[in-house]
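For reference, the structure discussed in these notes is given below.
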Amino acid sequence: MDIDTMDVEQIRKDVDEICKPWEGRPGNLIMILHEIQNRYSYVPRRISFEVAKHLSIPLARIYEVITFYNYFKLTPPGKHIVSVCMGTACYLKGAPTLVEAMGNHLGIKPGETTPDKNFYLQVVRCLGCCGLAPVITVGQKVYSGVKPEQVPAILAEYK
Amino acid sequence: MNKEELKKIKEETLARKKKTWIRVGMATCGIAAGAQDTYFALREELKKHKLTVDIRKCGCVGKCSAEPLVEVAMEGMPTVFYHHLTKDKVPQLVETHFLKKTVWHNQTISLQDPHQLRIVLRNCGIVDPDNIKDYIALGGYAALARVLEMKPEDVIDQVKKSGLRGRGGAGFPTGLKWELTRKVPADQKYIICNGDEGDPGAYMDRGVLEGDPHAVIEGMMIAGYAIGANKGFFYIRAEYPLAVERIEKAIKQCLSNKLLGQNIMGSSFSFDIEVRLGAGAFVCGEETALIASIEGKRGYPHPRPPYPAVKGLWDKPTCINNVETLANLPPILTNGAAWFAGIGHEKSKGTKVFAVTGKVKQSGLVEVPMGTTIRDIVFNIAGGAANNKKVKAVQTGGPSGGVIPEQFFDTPVSYENLQNLGSIMGSGGMIVMDEDDSMVDITKFYLGFCVDESCGKCAPCRIGGTQMLRILNRITAGEGTLADLDKLRSISQAMQKASLCGLGQTAPNPVVSTLRYFEHEYRALIKEPAPKQ
């Protein structure tokens, strides 16, 4: 779904739908942004414009929140989101070498998407699976005790 | 729902309990190790042999390194745990245990541990987190029923007498916090459960939220009743989708069973709960920043006073309790303050859950009475270092904490003792480091974390952290000088004294503590010749 070419009526319809359960509930902005990111995998600018109108708040109010929190993305990530956990346990057990192996294999740095838009690589804070460190996730799937040499085989599952 | 109905559900659920059943640990850690596949493979395999066995899911038992864990009970046989039970082992398990009716000895693991005492984790790994009746059958919501017949002041009094202190890190007495909130006159008050477990390397709260969500909800309702709040918020990290899902489901079950809403159990107490998600900001674990985040704003901390107890969420009196603190409440109100106060060490009562991870043989969640020594936790419970290495130190308290070298491992764990050693209790992360780990490197890791997570509002934290990180980078690159060590100490002091919130005040702790015990590791990286005596 390409938001840039999406019909403005459709955008309004989406925004109405997303905001509806949160209408009139104080402090709803962050929850609405979560809904948006769940649906589009990032927070598109055109959607933010409509949300600002819908909630009668300045656009800057939305952007100050998006840019403060690590979780929200302003650009579309690739199809598969690869997250390398950088919690302390994973760090001690070799997570930095995994980031390097991922980066080398995909030819991108954390925070970037591959040119074919298939993979997005990110380093995340603790995923809470410290007992299985080091941990990576591809989409919803968790891989535990990962070694750098396993990286190509794991990524090959998502080609 | 009233007391009689609660009792009826309990009896009915217990009566329906079969003698043959299987439990599969399905918290995030279990699922990551393949528990979901094991669960479905078990269903298939049992169906194939036309066996009807109750298969249920449960939360984390705590032995994460042995996942997937499956507990099997069968009439006439001992109840056993099978470890590392991946789906390929399912056919042999069914064949051995259910058809031949013998225990598959090579695959069993004993989870009995005399060092541990499970109060917070009492139901984790036992109760089905998606089933309120299962929780009620284990005595759930009976503490709430009792509390609703007491005066709120008496509830507070009980909690004060129990000696329970906040499990989020700082260790403020819970009963006192409640009393302060209760005393402020207001038309509306709030209770918040802080589930923004941001400390990297710690997952106690995730374990409880996923394994026993109703216990936390019951705890929150007790707290709400005591302080006079009729609305509660769960603030949970967005990185914990399963915890969010289970809490949301549990709330729905409470609503449909009339355990939430108007006039709960026929009392005058009305209460409802909302879930709000964090969005990846460590600073939001700080009370005032957390409140700003629930209000839908940037997670900026505010100077205190006014404390949230006076002016919190939407300027109303607000009490913020950690997940583990709330999960402690139902047993305290059931068994009495004296029972809880009888467990523990000096001014630290009850138990503490630790996530023991890093270079140990058996990492996982452990719950021990306060006063247990670090040595017991690291060696007798977690099995010591893996690969025959020597344990060098543990790190507690995450980015706000410090390291404790091996020579102090006989110290009984308490808020005060850990603080005297230059660390903190923190939320319960305990990272074990072996002889291969560089203390300067780990310090750089933590400081880098705090620099990334500094919200930028106050200068000591924003600038101090960055400058210290530059010095550490210089030292690890072999370009450091001995004067850098003094500089680190003085910047640390400035940050501790002048930062606005807990993040900045504690961010230098890893530096201060590693300099205290492992200065030689810093010096080894500094090539400058020592000054002539």
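Going down the list, the sequences are from chains B and X. Under this note's numbering, the residues of the first sequence are numbered 1 to 159, in order. Under this note's numbering, the residues of the second sequence are numbered 160 to 692, in order. Glycine included, C-beta positions come from ideal geometry on N, C-alpha and C. Only a predicted model underlies this, so the values are computations on that prediction, with no experimental measurement involved.
From N422(X), M233(X), A544(X), S452(X), residue whose alpha carbon lies closest to that of M31(B): S452(X)
Coarse secondary structure for P400(X), derived from DSSP in three states: helix
Beta-carbon proximity of L98(B) to M592(X), cut-off 8 Å: no
Strand pairing of E526(X), partner residues [DSSP]: V512(X)
Beta bridge counterpart(s) of L121(B) as assigned by DSSP: V82(B)
Opposing strand residues paired with T532(X) [DSSP bridges]: P571(X)
Identity of the residues DSSP links to W180(X) by a beta bridge: D213(X), A232(X)
Contact residues within the segment 250-265 of chain X, judged by C-beta distance below 8 Å to chain B: none
Option in V562(X), C217(X), P667(X) with minimal Cα separation from N579(X): V562(X)
Exposure label - R396(X); buried when at least 16 CB within 10 Å: buried
Cβ pair I583(X), S559(X) closer than 8 Å: yes
CB contact below 8 Å: M206(B) versus chain X: No answer is possible for residue 206(B): the residues shown for chain B start at 1 and end at 159.
Proximal residues of chain B, C-beta to C-beta of Y399(X) below 9 Å: L127, G128
A200(X) and K246(X) closer than 8 Å at C-beta: yes
Three-way DSSP call (helix, strand, coil) for Y87(B) in this model: The residue asked about is misnamed: residue 87(B) is Gly in this sequence, not Tyr. Residue state, collapsed to three classes: coil.
Per DSSP, the bridge partner or partners of F240(X): E230(X), I268(X)
Assigned secondary structure, E433(X) (DSSP; H/G/I helix, E/B strand, else coil): strand
Beta-ladder partner(s) of G561(X), from DSSP: T555(X)
Beta-carbon proximity of V212(X) to A194(X), cut-off 8 Å: no
Within-8 Å CB hit, C352(X) to chain B: no
I136(B) - partner residues in DSSP beta bridges: V84(B), Y143(B)
N487(X) - DSSP class collapsed to helix/strand/coil: helix
N-terminal and C-terminal residue of the beta strand (DSSP E) that C188(X) is part of: No beta strand (DSSP E) contains C188(X), which is instead part of the alpha helix (DSSP H) from 187-191.
Min CB distance I453(X) to chain B below 8 Å: yes
Alpha-carbon to alpha-carbon, I406(X) and G27(B): 20 Å
Close-in-space but distant-in-sequence residues of the same chain around W337(X) (CB under 7 Å, 5 per side omitted): I315, V318, A382, A385, I386, C478
Cα-Cα separation, D643(X) to L684(X): 12 Å
Buried versus exposed call for N480(X) [16 or more other C-beta atoms within 10 Å across all chains shown]: buried
Beta strand (DSSP E) segment containing I395(X), residue limits: 390-395
CB of S522(X) within 8 Å of CB of C223(X), strictly: yes
Under 8 Å (Cβ pairs) to chain B, residues found in the segment 575-602 of chain X: G588, I590, M592, D596, I601
Cβ neighbour criterion (16 or more within 10 Å) applied to Q412(X): buried
Touch test, the segment 525-541 of chain X against the segment 598-617 of chain X, Cβ-Cβ under 8 Å, three pairs minimum: no
Between the CA atoms of F68(B) and L472(X) - distance to the nearest angstrom: 20 Å
Amino acids of chain B, ordered along the chain, whose beta-carbon sits closer than 8 Å to that of W119(X): No information on residue 119(X) is available, as it lies outside the stretch 160 to 692 that chain X covers here.
Start and end residues, alpha helix (DSSP H) containing I381(X): 372-386
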